[in-house]
Amino acid sequence: ISNDHFRLEVKDRGKDGKIPILVLLKTLDRETKKSHKLLLTAIDGGKPSKSGTAEIIVDVLDVNDNMPVFNEDTYSIEIYENVSVGTTVTRVNATDQDEGANGEIEYRLSKALARKVYEIFELDSSSGIIKLKGALDFEGTEIYKIDIEASDKGTPPLTSRCRVVIKIKDINDNPPEIEVTSLSNTVSEDSKPGTIIALISVMDKDSGVDGKIISTINNDVPFELKPSYKENTYSVVTKGLLDRDSPTQL
Numbered sequence: 001i002s003n004d005h006f007r008l009e010v011k012d013r014g015k016d017g018k019i020p021i022l023v024l025l026k027t028l029d030r031e032t033k034k035s036h037k038l039l040l041t042a043i044d045g046g047k048p049s050k051s052g053t054a055e056i057i058v059d060v061l062d063v064n065d066n067m068p069v070f071n072e073d074t075y076s077i078e079i080y081e082n083v084s085v086g087t088t089v090t091r092v093n094a095t096d097q098d099e100g101a102n103g104e105i106e107y108r109l110s111k112a113l114a115r116k117v118y119e120i121f122e123l124d125s126s127s128g129i130i131k132l133k134g135a136l137d138f139e140g141t142e143i144y145k146i147d148i149e150a151s152d153k154g155t156p157p158l159t160s161r162c163r164v165v166i167k168i169k170d171i172n173d174n175p176p177e178i179e180v181t182s183l184s185n186t187v188s189e190d191s192k193p194g195t196i197i198a199l200i201s202v203m204d205k206d207s208g209v210d211g212k213i214i215s216t217i218n219n220d221v222p223f224e225l226k227p228s229y230k231e232n233t234y235s236v237v238t239k240g241l242l243d244r245d246s247p248t249q250l
């Protein structure tokens, strides 16, 4: 027998003859080699000698010595906030070199995640598919970091983890909001040009260009907007003489 993993020892039992014993020299790894074929040869002491051979096949049984391995440590996804509930966001995938139950994988969301993650996303334990369970809102949450576990069905089970980073992309779904602060209930018609009538602040919850605001007032009124030192804040001031008999409306 010639094999790096085994050695043949022969025990002399006297009248009972000799007993060959196969001894393991090195640890076996089923994932590297599932079976070993050995050829045992026995030779007698006659002249001429006679020999006989026997094939020995050693099948290596699996133990749960390999944990699941994700094909990525971190999955990065970008989706728009208006995608429909039920949409597939992504799929995580892990493999396990063990066989049978030791190589069967189940996925689950980490128990340490915030409750909101469970309300927004759902994970299929068999396929690793992540779907949208609730509505997204960029203005509420811009990014989700979801830790996912993959466990095999061995005894005891082995577990590995990955992270899914989901960035929500904004859409223009919020109208500008205007807040007016009047400095006086009435305005005298002899007010000088440049008199401040009211303060206006505007805002838009959307991001980027969707949140940029252009503010204007009618051209046919004796008032104008003066930008303040603070962004999106204006003063409404008189730009000419007022005439009480010719009412104007902003």
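Residues 1 to 250 in full-length UniProt numbering are what the sequence shown spells out, letter by letter.
We treat Cβ as the ideally placed atom computed from N, Cα and C, and that holds for glycine.
Pro157 and Ser84 have their C-alpha atoms some 36 Å from each other.
Using a C-beta cut-off of 8 Å, the region 123 to 143 makes no contact with the region 33 to 48, since fewer than three inter-stretch Cβ pairs fall below that distance. Exclusion of the five residues before and after Asp4 leaves Leu25 and Lys26 as the residues of its chain whose Cβ lies within less than 8 Å of its Cβ. Between Asn172 and the set Leu199, Val209, Ser182 and Ile148, the nearest pair of CA atoms involves Val209.
The alpha carbon of Arg7 has as its nearest neighbour, out of Lys145, Pro68, Ile56 and Asp124, the alpha carbon of Ile56. DSSP lists Leu199 as the bridge partner or partners of Thr181.
In this structure the region 96 to 108 does not touch the region 184 to 197; the number of beta carbon pairs closer than 8 Å is below three. Arg163: not part of any alpha helix (DSSP H); member of the beta strand (DSSP E) spanning Thr159 to Lys169, first to last residue.
Judged by DSSP secondary structure, Arg108 falls within the beta strand (DSSP E) whose first and last residues are Ile105 to Leu109.
Check the Cα spacing between Thr90 and each of Ala150, Leu199 and Val165: the tightest is with Val165.
The shortest C-alpha to C-alpha distance from Asp59 to any of Asp29, Ile105 and Ile21 is the one to Asp29.
Under a 10 Å Cβ-count criterion, Tyr75 is classified as buried, with 16 or more other Cβ atoms of the shown protein chains found around its own Cβ. A Cβ-Cβ distance of about 4 Å is found for the pair Lys205 and Asn174, placing them in contact under the 8 Å criterion. Secondary structure of Arg13 (DSSP, three-state): coil.
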